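Colleague: One structure follows; several queries about it will come next.
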Amino acid sequence: MCTMLIEKTNVQGSGKGSKGWFKFSQANVSFDHPTHLHMDYSINIDFIQEVEENNKRIAIELTPESAKKLIETISKSLKKGSDMGLKI
17 MCTMLIEKTN
27 VQGSGKGSKG
37 WFKFSQANVS
47 FDHPTHLHMD
57 YSINIDFIQE
67 VEENNKRIAI
77 ELTPESAKKL
87 IETISKSLKK
97 GSDMGLKI
């Protein structure tokens with residue numbers, strides 16, 4: 017059964033697609049059926065730049081456990097930077 021669970025947020029970042037680097041401004045995060053990963057449910061992240069008809073997208077599918085590890089790793093990296101006095 018499709019969960020239809022999706023969260024959207026505005027972000028600032030860059031990603032590399034098949035035609036090189038591009039900026040993206042939105043991240044869509046869902047917990048639903050993956051397209052490529054062979055499992056029932058995954059965390060799916062789409063980094064999107066919608067500019068007129070030139071829509072660009074990077075899609076990521078993670079196991080729930082991998083998504084949790086990624087969250088922990090990002091949090092650790094941000095904390096280390098903050099502990100060094102860097103602006104976070």
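Here the sequence shown stands for residues 17 to 104, where the numbers follow my numbering. Note that beta-carbon positions come from the ideal geometry of N, C-alpha and C, so glycine has one too. These figures come from a predicted structure and were not determined experimentally.
1) Compute the beta-carbon to beta-carbon distance between residue 46 and residue 79, rounded to the nearest angstrom, for a pair I have assumed lies under 8 Å.
2) With DSSP as the reference, please indicate the residues paired to residue 48 in a beta bridge.
3) Within 10 Å of its beta-carbon, does residue 70 have 16 or more other beta-carbons around it, so buried, or fewer, so exposed?
4) Who are the near neighbours of residue 63 in its chain, counting only those whose CB is closer than 6 Å to its CB and skipping five residues on each side?
5) To the nearest angstrom, how far is the alpha carbon of residue 18 from that of residue 83?
Modeller: Result, derived from the coordinates:
1) Looking up residue 46 in the sequence shown gives position 30. Looking up residue 79 in the sequence shown gives position 63. So it is not a contact: roughly 14 Å between Cβ atoms.
2) Translated into the one-based positions of the sequence shown, residue 48 becomes position 32. Per DSSP, the beta bridge partners of residue 48 are 58.
3) Counting from 1 along the sequence shown, the entry for residue 70 is found at position 54. In this structure residue 70 is exposed. Its beta-carbon is surrounded by fewer than 16 other beta-carbon atoms within 10 angstroms.
4) Stepping through the sequence shown from its first residue, residue 63 is reached at position 47. Counting only residues of its own chain and dropping the five nearest sequence neighbours on each side, residue 63 has a CB closer than 6 Å to the CB of 31, 40, 43 and 74.
5) Within the sequence shown, the letter at position 2 stands for residue 18. Within the sequence shown, the letter at position 67 stands for residue 83. If you take the alpha carbons of residue 18 and residue 83, they lie about 19 Å apart.
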